[in-house]
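Those letters in the sequence shown? Residues 16 to 593, by this note's numbering.
Backbone N, C-alpha and C fix where the C-beta goes; we use that ideal spot for every residue, glycine too.
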Amino acid sequence: MRKGALVAALSAALLFLAAAPAFAAPGDALVTNGSPPGPFSQNKQNEPAVAIDANHPNVVVAGANEEIDMEACNAGTDNTCPFTPGVGVSGVYFSFDSGHTWTQPTYTGLTARACLGVPGNSDPPCTPTVGPIGTLPWYYENGLQSGGDPAVAFGPQPDASGHFSWANGSRLYYANLAGHVPEEFGFRGVEALAVSRTDNVEAAAGGDKDAWMQPVIVSRQSSTTFSDKEQIWADNSSGSPFFGNTYVCWTSYRSNSQGQAFPAPMMVAVSRDGGDAWALKQVTGAGFTPVTRQEPAGGCTVRTDSSGRVYVFGVGPVPGQGSTSYELMVTSDNGGQTWSPPRAVSGPVTQPGAFDPVQGRPVIDGIAGARSDLAPAPSVDIANGAPTGAGATDRIVMAYVSGSLEQPHVFFTESTDRGATWSAPRSIETAGDRGYYAAPAIAPDGSAVYVTYNAFTTPFRTNTTDPRNLVGVLLRASVSGPATGAFTSVYRSPGGDPRGSSANALISEFLGDYVYAAATRTYAVAVFNDVRNAADCPAIDAYRAALQAGTTATAPAVQQVCPLAFGNSDIFSFTTAD
């Protein structure tokens, strides 16, 4: 077939598949519904985050790593599927019916989605152009590139005098990594931390890029700094003395001196003016040095209670107490001006998985599987009574994954005395589930607790030929008295084979590092990684197996030998009402 005819046929097939709705189970919804089923890597989405506007609880926003604007594998050399330089990956999605349906807006910026290429390696390198994008706007125009690792939060708007009030309206904050284009522009270092904001989610959902403010760089960078694994939160309880303050936590990987980007302290930035200016604090030690040789804390999460106390959690060793890792907590009672020393609140924890020699990372589901570096990282929520503080119990709930390769457990622990003491961690996963990533949510009045998680239902695979299965789960428990009750399953997604997901380098699966949940007094919404619509590719399986065996192997030409839906990882949500 001539190349022109082949391209026309492929284009027609893509249009047909894009028009066909992805499979959805009763009650769940496809969040990334504007992203195509193929080709790879335009069909790759992962690492979801979600937030509910406490003052308008039907309004929900999600973020995800979104590769809709990347070049296809056939562009340039056919057995490479690179991240296109300069093209952003921070997707945003809106729901105005509590997460039952979603809108994926289109803006303008730098895109490579038209770089589809043709079979053969004669294509010139992809040159991205200004056009439609499915990610945050205003990055290309500022010499930046949105870099994923999304985190979202709602808070109140400030008025012209800087006073915060829900009467002014709500402000959406979106934190993500940021690169720079060209490399010498904008900031020093490898990746920075940026925050985008909008006060008009309806216009933003409709594709109005002017509804978004210009992104603000939050982190301070040296030439070797890689800022990573951030989370954002706005104090959304109007009875708090620090109502309206916004907090971002992250890990600052400061060098490559030990081959591990150490030292790497955990950082917190606070904004008291709605995100224009940020004050930074280092809240943990730098960790690894030639003297201590100790891993730093990482995988942070940040929340506030009804009195304005700020809590930042991470996972790592207790300073000066050896190399065993725990869930750590630091707090501030003065709006982030000063911080307590880190202390252990739960654990010890273990990183479940087997070391993958090709990735240099642990994996849970099987060889060449999805990485599980941050499985033990804490995810936390607090019943702070938002939006007014009414009914706040300030119960703190935490979920994380820890355990053996054979049985990675989803653990739950909680505190009813502002973090002074914690319940004994208990495993709450459904029988047969091997936990992957987990996140809790608690109703603002403390009446119900939810935990969502991804899990594998198949044992660790020592080959790439046997099928594997991934599910998303949402659990619920009622609260009466000092302890949260037993968890029951309210949702379980259809399974999918994670072998159909992929890193852009093709050497392994890829599902990212997070799931997420949020709750109101009447419902909860969970977002999770999903591969029900992904297709396994035997040629990729064979390539990955060869690499695992230490055999020299050449990656296959993906679009010639794999199903169109290979790599099609999605974000799904589930909303439940009480």
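Taking 8 Å as the cut-off, decide whether the C-beta atoms of residue i and residue j are in contact.
i	j	result
Gly290	Val210	yes
Val107	Asp84	no
Thr479	Ala560	yes
Glu245	Val231	no
Gly347	Pro363	Gly is not the amino acid found at residue 347; the sequence shown has Ser there. Cβ atoms of Ser347 and Pro363: not closer than 8 Å.
Asn58	Gly450	no
Ala284	Val233	yes
Leu489	Phe587	no
Asn251	Ala401	yes
Asp138	Ala90	yes
Asp112	Ser508	no
Val104	Thr47	no
Gly158	Thr123	no
Val466	Ile443	yes
Gln563	Ile382	yes
Thr472	Gly510	yes
Glu82	Ser110	no
Asp388	Phe475	no
For residue i, I'd like the list of residues in its chain whose CB is within less than 7 Å of its CB, leaving aside the five on either flank, ordered along the chain.
i	result
Phe525	Asn61, Ala385, Ser516, Ser517, Ala518
His71	Ser185
Ser322	Ser255
Ser161	Gly103, Val104, Ser105, Thr150, Leu151, Tyr154, Asn191, Ala193
Gln297	Pro280, Met282
Phe200	With a pLDDT of only 49 at Phe200, under 50, the local geometry of the prediction cannot be trusted, and the value read off the model is given with reservation. So the list reads Gly158, once near-sequence residues are dropped.
To the nearest angstrom, how far is it from the Cα of residue i to the Cα of residue j?
i	j	result
Thr569	Asn80	27 Å
Ile247	Ser430	21 Å
Thr121	Pro513	28 Å
Pro52	Gly418	35 Å
Ala175	Asn183	10 Å
Pro356	Thr95	46 Å
Trp117	Ala220	9 Å
Leu420	Gly78	30 Å
Asp301	Pro391	The question names Asp, yet the displayed sequence has Ala at residue 301. Approximately 20 Å between the Cα atoms of the pair.
Gln229	His424	41 Å
Asp481	Ala572	22 Å
Thr142	Ala439	55 Å
Leu579	Asn73	36 Å
Gln273	Ala470	The pLDDT assigned to Gln273 is 45, lower than 50, so where the model puts this residue is not dependable, and the model offers no usable value.
Met344	Asp93	47 Å
Asp288	Phe179	9 Å
Leu295	Met282	7 Å
Ile566	Tyr558	It is worth fixing the name first, because residue 566 is Thr in this sequence and not Ile. Near 9 Å, if we compare the C-alpha coordinates of Tyr558 and Thr566.
Glu156	Gly496	53 Å
Ser267	Ser338	20 Å
His195	Tyr452	30 Å
Gln172	Arg376	42 Å
Pro334	Glu342	12 Å
Cys577	Leu521	12 Å
Thr99	Gly163	14 Å
Asp448	Pro367	14 Å
Asp2	Gly434	The question about residue 2 has no answer here: the residues shown for the chain are numbered 16 through 593.
Closer than 8 Å by C-beta to residue i: which residues in its own chain qualify, once you throw out the five before and the five after it? Chain order, please.
i	result
Ala463	Ile457, Arg491, Ala492, Ser493, Val494, Ala534, Ala539, Asp593
Arg17	In this prediction, Arg17 has a pLDDT of 33, which is less than 50 and means its spatial position is unreliable; nothing more can be read from the coordinates.
His115	Ala44, Thr590
Gly500	Ala492, Ser493, Val494
Counting only the same chain and skipping the five closest in sequence on each side, list residues whose C-beta sits under 6 Å from that of residue i.
i	result
Pro595	Residue 595 lies beyond the residue range present for the chain, which begins at 16 and ends at 593; the question has no answer from this structure.
Thr307	Unreliable placement is indicated for Thr307, whose pLDDT of 37 sits below 50; the coordinate value is still reported in the next sentence. Closer than 6 Å at the Cβ level, and outside the excluded window around Thr307, lies no residue.
Trp437	Val360, Ser361, Thr428, Ser430
Ala64	Gly78, Pro165, Ala166, Val167, Tyr531
Phe257	Asp250, Gly323, Gly350
Ser523	Gln374, Ala383
Lys224	Tyr122, Pro152
Given the structure, does residue i come close to the ligand SAM, in the sense that its CB is under 7 Å from one of the ligand's heavy atoms?
i	result
Ile379	Within the structure as shown, the ligand SAM is missing, as the structure has no ligands at all.
- Message: Between the segment 126 to 139 and the segment 207 to 218, can you find at least three pairs of beta-carbon atoms closer than 8 Å?
- Response: The segment 207 to 218, when compared against the segment 126 to 139, does not touch it at the 8 Å Cβ threshold.
- Query: Using 8 Å as the Cβ pair cut-off and three pairs as the minimum, do the segment 546 to 563 and the segment 478 to 488 touch?
  - Reply: Segments in contact, yes.
- Message: Restricting to runs no shorter than 4 residues, where is the alpha helix (DSSP H) found entirely within the segment 486 to 542?
- Response: Positions of the alpha helix (DSSP H) runs, each at least 4 residues long and wholly inside the segment 486 to 542, cannot be given because no such run exists.
- Query: If you pair each beta-carbon of the segment 316 to 330 with each one of the segment 388 to 404, do three or more pairs fall below 8 Å?
  - Reply: Touching, per the Cβ criterion.
- Task: With a floor of 3 residues, list each beta strand (DSSP E) that falls wholly inside the segment 438 to 487, ordered by position along the chain.
- Result: Those beta strand (DSSP E) runs which fall completely within the segment 438 to 487 and span 3+ residues are 449 to 457, 463 to 471.
- Message: Measuring CB atoms only, is the segment 347 to 355 touching the segment 370 to 381, in the sense that at least three cross pairs come out at less than 8 Å?
- Response: The segment 347 to 355 vs the segment 370 to 381: no contact.
- Task: Scan the segment 318 to 375 and note each continuous alpha helix (DSSP H) run of 4 residues or more that stays entirely inside, going in chain order.
- Result: Those alpha helix (DSSP H) runs which fall completely within the segment 318 to 375 and span 4+ residues do not exist here.
- Task: Jot down the residue ranges of each uninterrupted beta strand (DSSP E) in the segment 190 to 234, minimum 3 residues, whole runs only, in chain order.
- Result: Contiguous beta strand (DSSP E) elements confined to the segment 190 to 234 occur at 207 to 213, taking only those with 3 or more residues.
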